[in-house]
Every structure is written in structure tokens, then in C-alpha cells.
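What follows is a single structure, written as C-alpha cells, with notes after it.
2 protein chains.
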Amino acid sequence: MSAETGARGRERVARAALSRLMEPSDWVGLALVAAAGPQDALRIATGVLAAGRRLQEDLAGLLGRRPENEPGRMLAEALERWAPRVKDLAPERDLATIARFGGTLVVPGDGLWPAALADLQLGAPLCLWVRGRAGDGIPLQEQAVALVGSRDSTGFGNAVTADLATGLVQRGCHVVSGGAYGIDAQAHRSALAAAGEGQGPATLAVMACGLDRYYPAGNEELLRAVAARGLLIAEVPLGSAPTRWRFLQRNRRIAALAGATVVVEARWRSGALNTAHHAAELGRPVGAVPGSVYSANSAGTHRLLRDGSAVCVTGAAGAAELAGPVDAARQDGAGRQEPPADHDGLGVEELLLLDALPVRQGVPVEKLAVVAGLPVQRVLAGLGRLELGALAVQDATGWRRGPRR
Amino acid sequence: MSAETGARGRERVARAALSRLMEPSDWVGLALVAAAGPQDALRIATGVLAAGRRLQEDLAGLLGRRPENEPGRMLAEALERWAPRVKDLAPERDLATIARFGGTLVVPGDGLWPAALADLQLGAPLCLWVRGRAGDGIPLQEQAVALVGSRDSTGFGNAVTADLATGLVQRGCHVVSGGAYGIDAQAHRSALAAAGEGQGPATLAVMACGLDRYYPAGNEELLRAVAARGLLIAEVPLGSAPTRWRFLQRNRRIAALAGATVVVEARWRSGALNTAHHAAELGRPVGAVPGSVYSANSAGTHRLLRDGSAVCVTGAAGAAELAGPVDAARQDGAGRQEPPADHDGLGVEELLLLDALPVRQGVPVEKLAVVAGLPVQRVLAGLGRLELGALAVQDATGWRRGPRR
């Protein structure tokens with residue numbers, strides 16, 4: 001492949017190969033790459049080279065020296081773990097295949113590499129396999145909000161997700177999710193629907209499997225649309241099956257790519273809570289959408305609210321605010337639009353007086369003084385202020401409530 | 406009245422009179438009572454005596470010396486405020502009337518005086534007019550939870566209130582509320598329904614008007630039931646109308662009498678939020694019940710959750726916990742009863758292996774090693790552990806998933 005020549009090209013090929021050898025978050029493998037660089041790490045992982053004493057010490061330093069972390073033994077075990085996959089390595093073929101899908105491999109140092117992943121430190125992925133509108137860039141974390149939740153979402157959960165995704169896209173944010181059924185699917189679908197042309201990728205689906213397959217199968221059409229107008233991202237290479245381990249690691253990537261994670265609906269135990277915990281570990285804000293206390297699908301979000309690990313999110317404005325600095329021009333005042341009450345801004349004496357004023361038949365000032373418990377002078381002064389505000393009127397019989405309500 | 410003779414009796418009469426002269430939270434009046442005692446305070450308030458220099462200095466000390474708080478002027482204004490009501494004073498008659506209602510006046514120093522009110526400091530009420538089962542005592546704050554919310558409650562709000570009130574009474578707690586329509590009425594009604602005989606007053610209604618009237622009129626039957634089997638409490642004397650000022654002060658008393666205040670449903674602006682703020686000012690825990698983000702009646706509770714001033718309450722156990730030490734025997738585990746998943750407690754290698762195991766046709770160990778990315782030795786060890794847990798089985802063709810799901 002001509003694109004993969006030179007030092008950068010050789011590093012890309014090496015990382016592509018390593019991503020097939022090593023499962024996501026294989027700490028020994030990640031430490032090896034950090035200590036030896038991807039090309040030597042690949043030579044060591046495939047048994048071409050062996051680690052010398054100095055490299056072993058670097059590994060020990062990266063992994064932490066504990067009795068069970070004896071670096072020689074850990075590396076030996078890792079080599080055994082990687083060995084069965086060595087014969088299947090064909091990174092150039094993988095790179096050609098992703099290109100045929102209109103995609104690319106993004107590695108650290110590329111302009112496209114998301115700065116947000118730096119918070120994962122040693123745990124950052126070796127590379128990202130990407131399909132879709134990568135030319136527009138991978139959204140900045142301040143402009144990306146993860147919407148996650150149950151696969152078996154309710155009508156309520158779907159409606160909230162649709163409103164959040166639509167509102168986020170209208171505010172210039174991107175919606176990150178996992179491509180699964182339920183909340184994930186609704187988030188991607190509504191983000192795509194809300195996005196105009198020329199806005200960049202409205203939505204990112206972070207997958208637990210290789211990008212040559214659409215999983216789950218029922219979401220194939222949706223995921224094709226995401227690949228066409230958004231971004232599909234995976235840490236595992238083409239051909240990889242979606243295993244439980246990869247799902248758990250995928251959740252970590254969702255949390256890392258988004259400036260904030262909002263759980264829309266989640267049962268008491270739910271993968272979405274796992275994503276929320278990863279976000280919290282990374283110091284990223286977590287939001288939870290409240291729902292009926294009778295809905296099992298909100299038990300998980302209420303749990304997050306109760307233990308203080310999430311803030312209450314009721315609309316897109318709040319969700320966008322969590323992820324980054326708020327663009328005031330795009331902010332709305334939803335929920336803050338109740339008209340002021342007639343007694344707003346009144347002092348205690350005016351309140352007492354307002355309560356004392358009869359609605360129909362006027363009464364003299366002396367009577368108001370007794371009812372309100374105020375001296376006559378104060379009643380006269382207060383009536384003047386209330387009259388200015390159309391809260392009190394005087395007629396032949398005396399004072400009564402004014403027309404303003 | 407023979408019951409009102411002696412020093413204690415004279416103090417009761419004085420406080421009964423003062424509660425008619427002074428509105429709730431009349432700071433000058435409260436300071437005067439604190440500095441001069443109730444009997445001299447009444448003599449000064451009615452113009453029989455005047456405040457000397459020393460007393461004026463004490464008042465200034467209690468009210469804080471600020472330019473606008475010049476004590477002589479403040480007292481002069483207060484005297485003017487109280488003067489129109491002096492001619493209506495008839496405290497012995499009021500005490501006789503409350504006794505005819507089967508009630509009593511409770512003053513500081515009485516055995517029945519709630520210790521919880523001490524947190525109000527100078528702002529504590531002058532006295533409490535009480536009807537109902539006062540003989541059983543006024544519940545301790547650790548055993549009293551205020552349930553408050555909208556007058557125009559929804560079916561959801563009523564159902565949650567009923568569940569909370571029932572669960573609280575079953576846990577030995579007492580339900581405090583304001584006797585209003587909606588959430589308040591539901592709270593009192595369900596608490597009464599859940600209470601057995603001999604449990605003391607299941608519910609306390611703190612009123613903004615005199616206890617000779619039932620307000621609002623539509624709750625008359627309910628309030629009669631509360632008077633018979635619970636407690637009606639007011640700071641204002643018999644004959645007092647429920648004014649807006651008295652409602653606001655009544656909210657403060659609700660917050661002060663309960664160990665915790667739970668807002669079930671509240672609009673963005675709602676008197677229930679006022680009660681919640683009073684509770685927070687007193688350092689008492691505040692709870693809020695989440696609801697649909699589409700319900701205007703939950704906008705206020707979500708506001709409390711979002712700004713961190715309330716914790717998320719989804720059931721009676723959580724509400725009771727807020728108020729005081731939890732009686733472990735009465736605690737339930739609601740919401741925590743989902744069965745454990747089959748992968749609970751498994752390590753990373755077992756998870757990888759479990760994912761690699763086919764469901765139907767068995768495969769050899771070497772194949773599992775490639776799929777799982779594990780050395781053969783580890784696959785063998787892991788299969789042994791999974792087999793013990795019925796998560797893996799061996800047959801003629803090799804290994805596959807076990808019967809446990």
C-alpha cells in the first residue's frame with residue numbers, strides 16, 4: 001500500500017496489527033507499545049524480538065511494581081495470549097479493506113486523533129477504525145454529548161432521547177452513542193434527522209465489533225445511515241465479533257469521546273450505568289434523566305441521581321451545558337417561562353396588605369389596619385404602592401383588590 | 406380559668422394574647438418576648454408599660470444593630486402595628502374555646518413543646534394551638550417526614566404520595582403536611598388509612614388559619630379526621646384567616662417540625678419549594694421525587710434535583726432514611742432485587758472465555774484460545790472454573806456454553 005510507506009505508514013501498519021493481536025485495554029500490551037513503540041512492540045508480540053532487561057524495567061514502571069505484577073511473568077503470559085492470533089495477522093489487507101469501506105485508520109499523532117482520548121492515559125486505544133464523514137473531523141469533546149440507555153427503552157425514554165438529540169444537534173452538538181437497540185438507536189436516528197447538510201457528522205456510533213458488520217442486525221439500516229452521514233468508530237479491527245468484554249470497553253470509549261454522558265433510561269443494573277461510571281472516572285460530567293418512580297427503566301437513572309453521581313437533566317439545554325461552555329445565543333429558557341405572580345417583588349407589609357384587601361366590597365383604611373396588623377400610616381403608604389401596581393383600587397366604599405391578578 | 410392560674414398559667418395567657426397581636430415571624434415582637442418575657446412583652450405591646458433603656462438595648466442586641474434597625478423606631482412602629490388589635494384581645498376566651506374543641510395551647514417549656522422548633526431560634530413560634538391526639542405527644546423530628554407538593558397534583562403525584570405516606574407510617578414515621586388540596590390531602594389521607602390504633606398521631610396538619618375553621622372547605626371531612634386521629638397545629642389563634650403571609654410562615658413550621666421534607670410534585674414556582682428552602686435553611690435534609698420530564702408538575706422537583714438542593718427520593722425507605730437513623734429491621738431493599746447476571750463475579754479471562762464459547766456446537770480448546778485471545782493453559786484453567794459454575798460444558802465435539810444463563 002503506497003499510503004502506508006515511510007515511518008508514519010509503518011507505524012499505522014503496526015498499530016493495525018496490534019489491534020488484532022490484543023484485546024481492548026490489554027494493559028501489558030498497551031504498556032509494551034508505550035515503552036517500545038508500536039513497531040518494536042509488534043516484533044516482540046510476534047516473537048521476532050525479545051524484551052531486554054531495560055525494557056522489562058520500563059514495563060514494570062508503567063504497570064506498577066506489585067508482587068503479582070512481576071514484569072517478566074506478565075509479559076510471558078501476554079505473549080502466550082497473543083501467540084494463537086499471530087498467524088492471522090494481515091494488517092495491510094485490513095487497511096485496504098477499511099479503505100474499500102470508505103473508511104480509514106486513525107492513530108495517535110494523526111490530525112484526526114481525538115484529543116479527548118488523552119484522559120485515558122495508558123488505557124487509550126491503540127488506534128481507531130473509522131467509517132463515515134471522517135474528513136469533517138471527529139467532534140471535540142466540548143461539542144459531543146453521549147446519550148445512552150436501555151436497549152428495552154420505553155415510549156417515554158424514546159421521546160426524551162429524540163428531544164435531547166434534536167435539541168443537541170440544533171445547538172451545534174454531536175450525539176455519541178453505541179449503536180444498540182433502544183435509546184442508542186433513537187439517539188442516532190434523531191440526530192441524523194435533525195442535522196442539516198454541511199454540519200459535520202451529527203452522530204457517532206462507537207461499535208464493539210469490526211466495522212465490516214452491522215450489529216445488532218436490526219439496526220443495519222440505521223448504522224448504514226450513520227456511516228453515510230455520521231461516523232462509525234471501533235477500536236477492534238474488521239472481522240471482530242462483539243463480545244461482552246468488547247462491549248464493556250466500548251462503553252469506556254463512548255465516555256471518553258464525549259464531553260458529558262447523559263443516561264436517559266437505565267434499569268437498576270444496566271450497561272448504561274457502566275458508561276456513566278467510566279465518564280465519572282474520567283472526571284467528565286454525568287447527567288441522568290428523571291422518570292416515573294414506577295418505571296423499572298428509570299431505577300438506574302434515579303440511582304445515579306440519589307447517590308449524587310449524576311445531575312438531573314430534563315432537556316437539551318442542560319445536556320449541552322454539561323459538555324462544555326454554553327453558547328448563550330443558542331440557550332433556551334425552557335421551564336423558566338411561568339409568568340410572574342402578582343405578589344412577586346412585594347415586601348412583607350405589602351403582602352399583609354394585599355391579603356387583607358377584600359375582592360369585591362371596598363373597606364376603610366382603619367379596617368385594613370386591623371386585618372393586616374399594620375399601623376394606619378403604613379397602610380396608607382402600602383396602598384399607594386399597591387395602587388401604582390394596579391393591585392389595589394379605591395372606590396366610594398373604600399379599598400379593594402385591583403384588576404391585576 | 407382554673408387551669409391558667411399560677412406563673413405558668415399567666416405565661417400561657419400572655420402567649421395566647423401575643424399570638425393574636427403579632428403576625429407569625431414578627432421579629433420585633435419575638436425579640437420583645439425573648440428580652441422581656443411574655444407577660445411584660447404583652448404589657449408593653451398593649452401600652453400598659455413602656456420599654457426602658459436597658460430593654461431597648463437588649464432588643465437592639467437581638468435584632469442586630471444596623472442603621473435601619475434603630476430599636477426605638479422599630480419598637481414604636483411595632484406598637485403602632487399592634488395597637489389596632491389590642492381591643493380584640495380575649496385570651497382566656499380563646500383558651501376556653503380551644504379546650505371546647507378538645508384542643509390545647511402548647512408553649513415553650515411544656516412537655517409537649519417540640520424540641521425540633523429550637524432550630525428556629527428567635528423565629529420559633531410564640532405558641533402552638535393544637536387539636537387532636539396531643540396526649541400521645543407531638544412526634545420527634547427523627548420520626549416525622551413532611552410530604553408536600555402541588556395543590557393541582559397529578560394521578561402520578563397522588564399515587565407516589567399514597568405509597569410514601571403508607572410506607573412511612575408502616576416504618577413508624579409520622580407524616581407532616583399542610584392540609585391543602587392535592588399532595589397535602591393525599592398525604593394526610595393515606596397516613597390515616599395506614600395507621601393502626603395505638604400508634605400515636607399518624608399525621609400532622611400544620612394550618613395557616615385558626616383551628617376553629619377547616620380550610621380549604623373541600624378538605625373539611627379530611628381535616629376533621631386528622632383532628633380525631635392525628636394532630637391539627639396552628640401558630641395563629643382561633644378565628645384567624647389564612648392569609649398569604651401566614652401560608653408562607655406555615656411552610657416554615659412544616660419544615661421545622663419534620664426531620665426531612667420531601668417534595669413530591671411541584672411546578673417551577675410552587676409553595677412546596679418554599680417549604681423545601683426553609684428545610685434547607687434549617688439544615689434539614691430535603692428530598693424530591695422525580696417524575697416525567699414532560700410533566701409541568703415535576704419541573705419544580707427536577708429543579709431541586711438539578712441544583713443539588715434535594716436528594717432523589719423514589720420510595721418510603723429513602724424518605725424515612727432522610728429524617729433520621731434507619732431502623733434496619735424495617736428497611737426494605739426495594740429496587741435492589743434484580744437477579745445476579747451469569748457473568749457477575751467473573752474475571753476478565755473468564756469473561757473473554759465465556760464470550761468465546763459457542764452456544765450449540767462444541768469447539769476444541771485450541772480454537773477457544775484463538776477466539777478468546779488467551780493461552781491454551783489459561784483456557785483450560787478458565788474452562789474448569791466456568792464448568793464449576795455450569796457456564797461451560799464439555800461434550801464429544803469440545804466445549805460450549807453451559808445451561809446456566
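Sequence lines, in order, name chains A and B.
Under this note's numbering, the letters of the first sequence match residues 1 to 405, in that order.
Under this note's numbering, the letters of the second sequence match residues 406 to 810, in that order.
From the three backbone atoms N, C-alpha and C, an ideal C-beta is built for every residue, glycine too.
Because the structure is a prediction, the values reported are computed rather than measured.
Checklist entry - At a Cβ threshold of 8 Å, is Phe561 of chain B touching chain A? => result The sequence position of residue 561 of chain B within the second sequence is 156, counting from 1. Chain A contact via Cβ: present.
Next on the checklist: Are the CB atoms of Gly562 of chain B and Gly572 of chain B within a distance shorter than 8 Å?
Outcome noted: The residue given as residue 572 of chain B occupies position 167 in the second sequence. The residue given as residue 562 of chain B occupies position 157 in the second sequence. Cβ distance not < 8 Å, so Gly572 of chain B and Gly562 of chain B don't count as in contact.
Checklist entry - Out of curiosity, what's the CA-to-CA distance linking Ala17 of chain A and Val565 of chain B? => result Within the first sequence, residue 17 of chain A is the residue found at index 17, counting from 1. Within the second sequence, residue 565 of chain B is the residue found at index 160, counting from 1. Approximately 56 Å, taken between the alpha carbons.
Next on the checklist: Would you say Arg244 of chain A lies against chain B (beta-carbon separation less than 8 Å)?
Outcome noted: In the first sequence, residue 244 of chain A corresponds to position 244, counting from 1. So, interface residue.
Checklist entry - CA-CA distance, Ala50 of chain A and Ala34 of chain A? => result Here residue 50 of chain A refers to the residue found at position 50 when the first sequence is read from its first residue. Here residue 34 of chain A refers to the residue found at position 34 when the first sequence is read from its first residue. Rounded to whole angstroms, Ala50 of chain A to Ala34 of chain A spans 16 Å at the Cα level.
Next on the checklist: Mapping the DSSP letters down to three states, classify Ala31 of chain A as helix, strand or coil.
Outcome noted: Working through the first sequence from its first residue, we reach residue 31 of chain A at position 31. Helix at Ala31 of chain A.
Checklist entry - For Leu467 of chain B, which of B:Gly528, B:Gly452 and B:Ala721 has the nearest alpha-carbon? => result Here the question's residue 467 of chain B lines up with position 62 in the second sequence. For Leu467 of chain B, the nearest C-alpha among the options comes from B:Gly528.
Checklist entry - What's the C-alpha gap between Gln799 of chain B and Gly767 of chain B? => result Here residue 799 of chain B corresponds to residue number 394 of the second sequence, with the count starting at 1. Here residue 767 of chain B corresponds to residue number 362 of the second sequence, with the count starting at 1. If I take the Cα positions, the gap works out to 7 Å.
Checklist entry - Beta-carbon of Asp760 of chain B versus every beta-carbon of chain A: anything under 8 Å? => result Within the second sequence, numbered from 1, the residue matching residue 760 of chain B stands at position 355. Cβ-Cβ to chain A under 8 Å: yes for Asp760 of chain B.
Next on the checklist: Bridge partners for Ser582 of chain B per DSSP, in chain order?
Outcome noted: The residue given as residue 582 of chain B occupies position 177 in the second sequence. For Ser582 of chain B, which the question treats as bridged, DSSP gives the partners B:Ala610.
Checklist entry - When DSSP labels each residue in this structure, what does Ala395 of chain A get in the three-state scheme? => result Here the question's residue 395 of chain A lines up with position 395 in the first sequence. The sequence as given places Asp at residue 395 of chain A; Ala does not occur at that position. Asp395 of chain A: strand per DSSP, three-state reduction.
Next on the checklist: Taking its Cβ as the centre, do 16 or more other Cβ atoms sit within 10 Å of Ala228 of chain A, making it buried, or is it exposed?
Outcome noted: By one-based count along the first sequence, residue 228 of chain A stands at place 228. Exposed, because fewer than 16 other Cβ atoms sit within 10 Å of the Cβ of Ala228 of chain A.
Item to check | Outcome for Pro642 of chain B when other beta-carbon atoms lying within 10 angstroms are tallied against a minimum of 16 | outcome: In the second sequence, counting from the first residue as 1, residue 642 of chain B sits at position 237. Buried: at least 16 other Cβ atoms inside 10 Å.
Checklist entry - Mind checking if Leu277 of chain A is an interface residue toward chain B, Cβ cutoff 8 Å exclusive? => result Stepping through the first sequence from its first residue, residue 277 of chain A is reached at position 277. At residue 277 of chain A the sequence reads His, which differs from the Leu that was named. It does not: the Cβ of His277 of chain A has no partner Cβ on chain B nearer than 8 Å.
Checklist entry - At a CB-CB cut-off below 7 Å, which residues of chain A make contact with Ser697 of chain B? => result Walking along the second sequence from the start, residue 697 of chain B turns up at place 292. Those within 7 Å of Ser697 of chain B in chain A are Phe156, Gly291 and Ser292.
Checklist entry - Taking DSSP as the reference, what is the three-state secondary structure of Ala146 of chain A? => result Along the first sequence, one-based indexing puts residue 146 of chain A at 146. Three-state result, Ala146 of chain A: strand.
Next on the checklist: Can you check whether the C-beta of Arg253 of chain A is within less than 8 Å of a C-beta belonging to chain B?
Outcome noted: Position 253 of the first sequence holds residue 253 of chain A. False, the Cβ-Cβ gap to chain B never drops below 8 Å.
Checklist entry - Looking at the C-beta of Ala266 of chain A, does it have a partner C-beta in chain B at a distance below 8 Å? => result To locate residue 266 of chain A, count along the first sequence from 1; it is residue 266. By this cut-off, Ala266 of chain A is not an interface position.
Item to check | Sufficient close CB pairs (3 or more, under 8 Å) joining the stretch 237-249 of chain A to the stretch 758-775 of chain B | outcome: yes
Item to check | Ile233 of chain A - containing alpha helix (DSSP H), residue span | outcome: Translated into the one-based positions of the first sequence, residue 233 of chain A becomes position 233. Segment Leu231 to Ala234 is the beta strand (DSSP E) holding Ile233 of chain A; no alpha helix (DSSP H) there.
Next on the checklist: Helix, strand or coil, according to DSSP, for Gly287 of chain A in the structure here?
Outcome noted: Position 287 of the first sequence, counted from the first residue, corresponds to residue 287 of chain A. Of the three classes helix, strand and coil, the one that applies to Gly287 of chain A here is strand, per DSSP.
Item to check | Bridge-paired residues (DSSP) for Val535 of chain B | outcome: To locate residue 535 of chain B, count along the second sequence from 1; it is residue 130. BP columns for Val535 of chain B point to B:Thr509 and B:Ile638.
Checklist entry - Would you report the Cα separation of Glu281 of chain A and Gly787 of chain B, rounded to the nearest angstrom? => result Taking the first sequence and counting its residues from 1, one reaches residue 281 of chain A at position 281. Taking the second sequence and counting its residues from 1, one reaches residue 787 of chain B at position 382. Glu281 of chain A and Gly787 of chain B: Cα-Cα distance of roughly 29 Å.
Checklist entry - Leaving out five residues before and five after Tyr619 of chain B in sequence, what residues of the same chain have Cβ atoms less than 8 Å from its Cβ? => result Numbered from its first residue, the second sequence carries residue 619 of chain B at position 214. Excluding positions up to five away in sequence, the list reads Glu625, Leu628 and Arg629.
Item to check | 7 Å Cβ cut-off: residues of chain A touching Cys532 of chain B | outcome: For this step, residue 532 of chain B is matched to residue 127 along the second sequence. Those within 7 Å of Cys532 of chain B in chain A number zero; the least Cβ separation is about 17 Å.
Item to check | Contact between the stretch 774-792 of chain B and the stretch 257-267 of chain A (3+ Cβ pairs under 8 Å) | outcome: no
Item to check | Closer than 8 Å to chain A by CB, Val775 of chain B | outcome: The residue given as residue 775 of chain B occupies position 370 in the second sequence. By this cut-off, Val775 of chain B is an interface position.
Checklist entry - Can you tell which of B:Ala684, B:Leu678 and B:Gly664 has its C-alpha closest to the C-alpha of Gly729 of chain B? => result The count along the second sequence starts at 1 and reaches residue 729 of chain B at position 324. Closest by alpha carbon: B:Gly664.
Item to check | Top-ranked residue by Cα proximity to Arg400 of chain A, from A:Gly389, A:Arg360 and A:Leu42 | outcome: Counting from one through the first sequence, the residue named residue 400 of chain A turns up at place 400. When each option's Cα is compared against that of Arg400 of chain A, the closest is A:Arg360.
Next on the checklist: Just to confirm, is the Cβ distance from Pro139 of chain A to Ala180 of chain A under 8 Å?
Outcome noted: Position 139 of the first sequence, counted from the first residue, corresponds to residue 139 of chain A. Position 180 of the first sequence, counted from the first residue, corresponds to residue 180 of chain A. Contact flag unset, no.
Item to check | Rounded Cβ spacing between Cys578 of chain B and Gln546 of chain B (contact assumed at less than 8 Å) | outcome: In the second sequence, the residue the question calls residue 578 of chain B occupies position 173. In the second sequence, the residue the question calls residue 546 of chain B occupies position 141. Actually they do not touch by this definition, with Cβ atoms about 11 Å apart.
Item to check | Cutoff 6 Å; reference Leu773 of chain B; Cβ partners in own chain excluding five residues on either side | outcome: Along the second sequence, read from residue 1 onward, the residue named residue 773 of chain B stands at position 368. These residues qualify, in order along the chain: Ala761 and Val784.
Next on the checklist: Taking DSSP's pairing of strands, which residues face Glu670 of chain B in a bridge?
Outcome noted: Here residue 670 of chain B refers to the residue found at position 265 of the second sequence. According to DSSP, which records beta bridges pairwise, Glu670 of chain B is partnered with B:Gly554.
Checklist entry - If we count Cβ pairs, one from each stretch, closer than 8 Å, do we get three or more for the stretch 500-514 of chain B versus the stretch 444-455 of chain B? => result no
Checklist entry - Which of the three DSSP states, helix, strand or coil, is assigned to Val781 of chain B? => result Taking the first residue of the second sequence as position 1, residue 781 of chain B is located at position 376. Of the three classes helix, strand and coil, the one that applies to Val781 of chain B here is helix, per DSSP.
Checklist entry - Would the beta-carbon of Ala208 of chain A fall within 8 Å of that of Leu117 of chain A? => result As a position in the first sequence, residue 208 of chain A is number 208, starting the count at 1. As a position in the first sequence, residue 117 of chain A is number 117, starting the count at 1. Their beta carbons are not under 8 Å apart, which means Ala208 of chain A does not touch Leu117 of chain A by this criterion.
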